[in-house]
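Novice: Note that the working numbering has the sequence shown beginning at 33, numbered continuously upward.
By construction, the Cβ of each residue, glycine as well, lies at the ideal position given by its N, Cα and C atoms.
First, the structure itself, so that you have it in front of you.
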Amino acid sequence: MHRRPPVASLLAPLAATLLAALSAAPAHAVPVTDPAGDILPTYAGVPAQGDVDVLFAEVIFNGSGFHLSATMAGPLGQTPGALYVWGFDRGAGTERFATLPGGVGVLFDSVVVIDALGTATVRTLAPGVAVTATLSASLVGDTLSVDVPLSALPSAGFAPAAYTWNLWPRVGSGNNNQITDFAPDGNADPALANALVTVPEPASLALAAGGLGLIGRRRLRRR
33 MHRRPPVASL LAPLAATLLA ALSAAPAHAV PVTDPAGDIL PTYAGVPAQG DVDVLFAEVI
93 FNGSGFHLSA TMAGPLGQTP GALYVWGFDR GAGTERFATL PGGVGVLFDS VVVIDALGTA
153 TVRTLAPGVA VTATLSASLV GDTLSVDVPL SALPSAGFAP AAYTWNLWPR VGSGNNNQIT
213 DFAPDGNADP ALANALVTVP EPASLALAAG GLGLIGRRRL RRR
């Protein structure tokens, strides 16, 4: 009598393929959360309000660009001259804030600067300095966001899904003592000062997982 192969032997090849795909996929970052009230002791500007204190930040890479979003500890517009700077490391990042608490280990080679009027300026710093885009950001309540096309942040060595970033609000564009916060910060571990962009789960992996379950269900019905 012909015996059907066991379920395990049918599922093993697909499981191996799924595991290989998961291993090859880029790391799936998580949003950055930052404590309230952690204004840098080196800050020396006008009184810092909640709108320059980061609570949450994330950068999502969707294949054609980046969605930047952040939530502050207070309504936007409270601190005159507030700016919000996302620094990106596209592969040529250098450390520029080693003397600031929380800035140790922060690497970047380009910035996206959002002002109080909602204008977002994208500027690369390496290999040369250039403004690559001027965009409109959304500022609503305590949350700001902007979509940046990949063309404005071209690779400098890293694949876009491997870019890292840091967000620092500041009051004015002069000295580093105008920076109020870093998210994430390198106080505990400088190696954690650069967050990886979030990449949505590829549909192909979800499909593979679904196929694995379907085969299992069909095989069990036949037993």
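Going by CA-CA distance only, name the one from 72, 63 and 92 that's closest to residue 200.
Specialist: Along the sequence shown, read from residue 1 onward, the residue named residue 200 stands at position 168. Selected option, being the one with the closest Cα: 72.
Novice: From the DSSP secondary-structure annotation, give me the bridge partner or partners of residue 227.
Specialist: Counted from its first residue, the sequence shown places residue 227 at position 195. The partner list for residue 227 (beta bridge, DSSP) reads 197.
Novice: DSSP three-state call for residue 149: helix, strand or coil?
Specialist: Numbered from 1 along the sequence shown, position 117 holds the residue referred to as residue 149. Note: residue 149 maps to coil in three-state DSSP.
Novice: If you follow the beta strand (DSSP E) that residue 181 is part of, which residue opens it and which one closes it?
Specialist: Within the sequence shown, the letter at position 149 stands for residue 181. Start and end: 175-181.
Novice: Could you tell me which of 167, 172, 229 and 185 sits nearest to residue 161, measuring between CA atoms?
Specialist: By one-based count along the sequence shown, residue 161 stands at place 129. Among 167, 172, 229 and 185, the Cα nearest to that of residue 161 belongs to 185.
Novice: For the segment 85-100 against the segment 189-203, do three or more pairs of beta-carbon atoms, one drawn from each stretch, fall closer than 8 angstroms, so that the two count as touching?
Specialist: yes
Novice: Going by beta carbon distance, what residues of the same chain come within less than 8 angstroms of residue 106, once the five residues before and after it are set aside?
Specialist: Within the sequence shown, numbered from 1, the residue matching residue 106 stands at position 74. Once the five neighbours on either side are set aside, the close Cβ partners of residue 106 are 81, 82, 83, 85 and 174.
Novice: Between residue 25 and residue 129, is the Cβ-Cβ spacing less than 7 angstroms?
Specialist: Given a span of 33 to 255 for the chain in the structure shown, any question on residue 25 remains unanswerable.
Novice: Per the DSSP calculation, residue 202 is bridged to which residue(s)?
Specialist: On the sequence shown, residue 202 is found 170 positions in, with the first residue counted as 1. BP columns for residue 202 point to 115 and 211.
Novice: Considering only the beta carbon of each residue, do residue 143 and residue 119 sit closer than 7 angstroms?
Specialist: Indexing the sequence shown from 1 puts residue 143 at position 111. Indexing the sequence shown from 1 puts residue 119 at position 87. Going by C-beta atoms, residue 143 is nearer than 7 angstroms to residue 119.
Novice: What residue range does the beta strand (DSSP E) around residue 96 cover?
Specialist: Counting from one through the sequence shown, the residue named residue 96 turns up at place 64. For residue 96, there is no enclosing beta strand (DSSP E), as DSSP marks it with neither H nor E.
Novice: In this structure, does DSSP put residue 83 in helix, strand or coil?
Specialist: If you number the sequence shown from 1, residue 83 lands on position 51. It is helical.
Novice: Within the continuous beta strand (DSSP E) that includes residue 20, where are the two ends?
Specialist: Coverage of the chain is limited to positions 33 through 255, which leaves residue 20 absent and any answer about it impossible.
Novice: Residue 141: which of 150, 133 and 121 sits nearest, CA to CA?
Specialist: Taking the first residue of the sequence shown as position 1, residue 141 is located at position 109. Ranking the options by Cα distance to residue 141, first place goes to 121.
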